[in-house]
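Residue numbers (my numbering): 10 to 818.
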């Protein structure tokens, strides 16, 4: 007993984690990171993340859930004491207090203290999805039929510096999402949550979220080029002609997303009526849910897919998750489900959309293994033609995945990602997120917890919007906000799906559409997409091709799509950063400038990566007047070469051939040459454009891999460290030796190095050797120096110096 009395004060004073054995359970936390206090258990995962659990029956959960896939973190130093009847846990970044013997967690007995800038902030987490007034916004299932900004559900980040992720009800699920188990019943109160206390270090919060919930996948390299999609009954021949049009106009194309009309049609007479109601072309097929190719449009689907791949195109096919009783595959599918498929009870039922008055529309319960297997069995024959991925358009059919603690969208999206991976495809699901069709576009499935897992499985298709300037500006905010749930890949219908709202029907996806946009709408929406994670042109039978808008609009649109293709190496590097760090590709300004109010007051501005600032043009006219907040530092307009020092607000007059894009001094921008389509791997010649400023430095780890497959997860990739520094009169770019490799990696690389905003140099050197003038060119009008470096071993360090005599000697 005497020894126990000596130990007790020590236990109460400080617990410091010095080391641990790795748990055999993938999700488990080391016992030395845990603190028990009555029926409460606290687990210190990082200095800015503590798991908080309460169980009246002392039954705690160590398994993975739909949201949380990892709790095995590196050891963390922390202290645990009892002060004035409260359990107090302190890390280097946050202090948690819990009033002992006070029962389940409430806003009255649990608090967290963090540093937000120069202020100490105390939060009192409320359970059950209570609003956090300082929350910076997160996500929404969809934007269908919307024309104005819409409320967002909470994301991780808050100006208050903390967030509670309530995982109490979420189903148990292995990291591969192959199955799920409901949480076991408890006697008395049970709570399981994660208390993030990042203060204003928002990137740290996102890093914690990534570590806890897993990384986003790395999309195929070609995903970052140009997509085209249209609700239109294209035939094989018409799509071949469309590809030829892109080539004839020297406009790149990488991915085709085929909307619903690729499918089998069930009833021609019913379709004729539907075409009139929907405003489609007379004779367009009605192919809502047919589970085979429409052979009238695609006589030989496998040959079409082979041709598309030969053109360098990836193919996505639209899916509506139901089946017509007249479908040739219905009998076998119903039998495989155990005769469990039921007719749709949605309002309106999918019988209307399939336009078959003689057939019934049946839907699937994806929580039932037989029905889920029968559903994906329908995909297999079509997959065998060689398509790349699916576009799940769960807008209108009453398929379901209803179970306590299961987020339906997240579950079915994970199954699509699994199906693609089984076929060797990197593509994740392409779908809406976070809730279910039944809950609607503002739904918040499982209290919002499932949305925090969507980044592992999904590219977020945001649905059928109308074209308004307000919606365009909001889409910029929306993409950046979904980074606050760890989701880097958001894809809007560029140009909108529906066009401007109609005078009689408003923004209505069934009855209202506009085929042709005003020139300024078209140009500005397309330009916006160039600087988004994904550039996907789409419409409801509308015009979205540059040559649909002859004149200045066509010229601008074509040039900006070429720019998009040139940016693929840069975008691919940002996607790898998202995989590694949890930082989104498009980043809200407050991620870098959290103490400046202006960073919160310009939601349609963002950075693409760290050093490229984008202000959305959401105003009519050519030119359009745009107010831009310039953050601290020196920033140069990409298109005009003008330089601004922030923080300040400037008004820009932006013509069609420009966009408000600014590069920070020290920025390094890798681009490829103009190409008809991007290759899977890196091209053998790249351009590095840098903005040296007067006294600046910059860094970029240029990423590359095979562009497809899953080797990127296991070290099959290459990093080229690139560094820039400048002093008055001298600028230096260093391309370091490549680290790593992969199958098919280039052994030599040619470079063009462009220094922007510099005086004509007296000397240019590569690795200390003076180049003759023929090896470099200077353009006085733009103050740009271009240096050509011939193909050189990627294992060699290259140093390019430019400036006054002796610079780089």
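Heads up, the beta-carbon is just placed ideally off N, CA and C, and yes, glycines get one too.
- Excluding sequence positions up to five before and after residue 231, its CB lies within less than 6 Å of the CB of 263, 323 and 687, all in the same chain and listed in chain order.
- Burial state of residue 226 is buried, judged by a 10 Å Cβ sphere holding 16 or more other Cβ atoms.
- Residue 236: member of the beta strand (DSSP E) spanning 235-239, first to last residue.
- The beta-carbon distance between residue 214 and residue 123, rounded to whole angstroms, is 10 Å. This is too long to meet the 8 Å contact definition.
- Taken through DSSP and simplified to helix, strand or coil, residue 450 comes out as coil.
- Residue environment for residue 733: buried (at least 16 other C-beta atoms within 10 angstroms of its C-beta).
- Non-local beta-carbon contacts of residue 741 in its own chain, meaning distances under 6 Å to residues more than five positions away in sequence, involve 734 and 810 in chain order.
- Secondary structure note for residue 390: its alpha helix (DSSP H) is the uninterrupted segment 378-392.
- DSSP, reduced to helix, strand and coil, places residue 98 within a strand of the structure shown.
- Of all alpha-carbon atoms in 508, 443 and 343, the one lying nearest the alpha-carbon of residue 457 is that of 443.
- Between the alpha carbons of residue 99 and residue 78 lies a distance of about 25 Å.
- As DSSP reads the structure, residue 371 sits in a beta bridge with 332 and 352.
- Look at the beta carbons and you see the stretch 142-160 not touching the stretch 104-117: under three pairs across the two are nearer than 8 Å.
- The secondary-structure analysis by DSSP pairs residue 531 with nothing; it has no beta-bridge partner.
- Pairwise C-beta distances place the stretch 478-494 in contact with the stretch 589-608, as three or more of them are shorter than 8 Å.
- Taking the Cα of residue 241 as reference, the smallest distance to any Cα among 268, 254 and 126 is reached at 268.
- Residue environment analysis places residue 575 among the buried positions, since at least 16 neighbouring C-beta atoms fall within 10 angstroms of its C-beta.
- About 6 Å separates the Cβ atoms of residue 377 and residue 349, confirming a contact at the 8 Å cut-off.
- Closest in alpha carbon position to residue 469, among 223, 541, 771 and 314, is 541.
- Around the beta carbon of residue 813, fewer than 16 other beta carbons lie within 10 angstroms, which makes this residue exposed.
- Counting the other CB atoms within 10 Å of its CB gives residue 791 a total below 16, which places it among the exposed residues.
- Scanning 316, 664, 718 and 477 for the CA closest to the CA of residue 245 turns up 316.
- By the beta-carbon neighbour count (other beta carbons within 10 angstroms, threshold 16), residue 611 is buried.
- Three or more Cβ pairs drawn from the stretch 396-409 and the stretch 356-374 lie within less than 8 Å of each other, which places the two stretches in contact.
- Listed as beta-bridge partners of residue 214 by DSSP are no residues whatsoever.
- In this structure the stretch 59-71 lies against the stretch 195-202, because at least three pairs of beta carbons, one per stretch, are closer than 8 Å.
- Each residue's CA atom was taken as its position, placing residue 160 and residue 70 some 33 Å apart.
- Per the DSSP secondary-structure output, residue 131 pairs in a beta bridge with 122.
- In this structure, the CA atom of residue 144 is about 42 Å from the CA atom of residue 363.
- The way I'd put it, the stretch 665-676 does touch the stretch 633-647; three or more beta-carbon pairs between them come closer than 8 Å.
- Excluding the 5 residues flanking it on each side, residue 321 has same chain C-beta neighbours closer than 6 Å at 686, in chain order.
- Scanning 712, 76, 327 and 306 for the CA closest to the CA of residue 220 turns up 76.
- According to the DSSP secondary-structure assignment, residue 687 is paired through a beta bridge with no residue.
- Look at residue 646 here: in three-state DSSP terms it is strand.
- About 32 Å separates the Cβ atoms of residue 314 and residue 188, ruling out a contact at the 8 Å cut-off.
- 653 is the residue among 237, 653, 628 and 369 whose C-alpha sits nearest the C-alpha of residue 622.
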